[in-house]
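One structure is given below, encoded as structure tokens.
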């Protein structure tokens with residue numbers, strides 16, 4: 001059994017000002033982690049720090065602002081963190097968006113693919129040397145069983161220019177999360193850095209509430225059938241903190257147990273192609 005403990009370790013969580021991210025932050029703060037919370041809204045970030053202090057009795061949390069719809073902001077965040085020469089032991093890629101209509105980012109990518117996948121690919125790659133220096137370390141990707149809404153990557157149309165449909169497009173970005181996690185695990189094998197993905201369950205979080213009245217009303221109607229953010233965060237917390245998963249890598253988890261995703265999420269050829277494609281799309285942004 002590993003002697004892994006979070007006490008004194010640094011954990012960076014994206015999308016940490018609400019929902020699963022904040023719930024995970026509270027739970028990890030209770031275990032003594034030094035938290036770096038990432039979000040796009042400064043006021044909500046300061047509220048999250050207050051919430052962690054109130055609920056976990058911890059003052060070891062700080063907020064860094066970055067809008068993941070801008071790859072330049074993601075790069076700025078990563079390079080600023082690296083420049084401070086601080087340790088990093090756990091990276092939780094949690095930030096996500098769900099849109100009911102097609103939107104493009106400032107970089108010209110479909111927003112769900114950009115925020116949910118490309119931004120985290122960029123962040124992870126830029127922070128990877130620090131994680132490797134601090135090994136043993138862990139990377140946790142909050143994916144989703146929504147990857148069942150599509151049957152594979154749309155190589156011919158990653159930005160859904162030809163026929164946008166909300167759920168398949170969201171599932172497409174979540175499939176990318178699982179493929180990326182698996183490819184990362186293969187490339188990092190033996191390095192002391194693990195990479196695992198998870199399905200948090202259907203969670204009553206803030207995702208999708210940026211889609212007008214329907215986007216706000218529908219989640220309220222469905223809320224009684226959803227998990228709480230705290231319940232949804234349990235598997236992410238488990239993968240970040242449990243001693244028994246030390247060395248476990250390349251798996252997909254639900255309710256803190258490894259499960260099989262859809263076959264197309266296990267396609268190693270697609271995972272390798274996504275890695276190379278993502279590098280091409282990001283270009284010079286990947287330079288340290």
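Numbering (my numbering), first residue to last: 1 to 288. Glycine residues also receive a C-beta, built at the ideal position from the N, C-alpha and C atoms. None of these values were measured; they are calculated from a predicted model.
Taking just the CA atoms, how far does residue j sit from residue i?
| i | j | result |
| --- | --- | --- |
| residue 235 | residue 162 | 36 Å |
| residue 144 | residue 39 | 20 Å |
| residue 112 | residue 18 | 18 Å |
| residue 44 | residue 272 | 37 Å |
| residue 149 | residue 171 | 5 Å |
| residue 175 | residue 153 | 8 Å |
| residue 53 | residue 59 | 6 Å |
| residue 9 | residue 288 | 24 Å |
| residue 158 | residue 125 | 20 Å |
Checking the sheet assignment: what are the DSSP bridge partners for residue i?
| i | result |
| --- | --- |
| residue 258 | 253 |
| residue 89 | In the DSSP output, where bridge partners are listed per residue, residue 89 has none listed. |
| residue 36 | 12 and 62 |
| residue 196 | 140 |
| residue 110 | 104 |
Could you pull out every residue in the same chain whose Cβ sits closer than 7 Å to the Cβ of residue i, ignoring the five residues on either side in sequence?
| i | result |
| --- | --- |
| residue 118 | 71, 109, 278, 281 and 282 |
| residue 230 | 23 |
Beta-carbon separation of residue i and residue j under 7 Å?
| i | j | result |
| --- | --- | --- |
| residue 90 | residue 11 | yes |
| residue 48 | residue 37 | yes |
| residue 140 | residue 239 | yes |
| residue 99 | residue 13 | no |
| residue 295 | residue 270 | Since the displayed the chain opens at 1 and closes at 288, residue 295 lies outside it and no answer follows. |
| residue 131 | residue 193 | yes |
| residue 27 | residue 259 | no |
| residue 6 | residue 25 | no |
| residue 80 | residue 73 | no |
Using a Cβ-based criterion (distance less than 6 Å to any ligand heavy atom), does residue i qualify as near the ligand SAM?
| i | result |
| --- | --- |
| residue 92 | Here there are no bound small molecules, and the ligand SAM is not part of this structure. |
For residue i, collect the residues of the same chain with a Cβ closer than 6 Å to its Cβ; drop the 5 residues on either side in sequence, then sort them by chain order.
| i | result |
| --- | --- |
| residue 275 | 183 |
| residue 164 | 102 |
| residue 210 | The pLDDT assigned to residue 210 is 47, lower than 50, so where the model puts this residue is not dependable, and the model offers no usable value. |
| residue 286 | 125 |
Going along the chain, which residues of its own chain have a beta-carbon closer than 8 Å to the beta-carbon of residue i, five neighbours each way excluded?
| i | result |
| --- | --- |
| residue 196 | 138, 139, 140, 141, 181, 185, 239, 245, 248, 249, 250, 251, 252 and 253 |
| residue 198 | 140, 141, 142, 143, 235, 236, 239, 252, 253 and 254 |
Would you say residue i faces chain D, with C-beta separation under 7 Å as the test?
| i | result |
| --- | --- |
| residue 126 | Checking the listed chains, one finds no chain D in this structure; it contains a single protein chain. |
(message) Would the stretch 244-261 count as touching the stretch 85-100 if we require 3 or more Cβ pairs under 8 Å?
(response) Contact fails between the stretch 244-261 and the stretch 85-100, because fewer than three Cβ pairs, one in each stretch, are under 8 Å apart.
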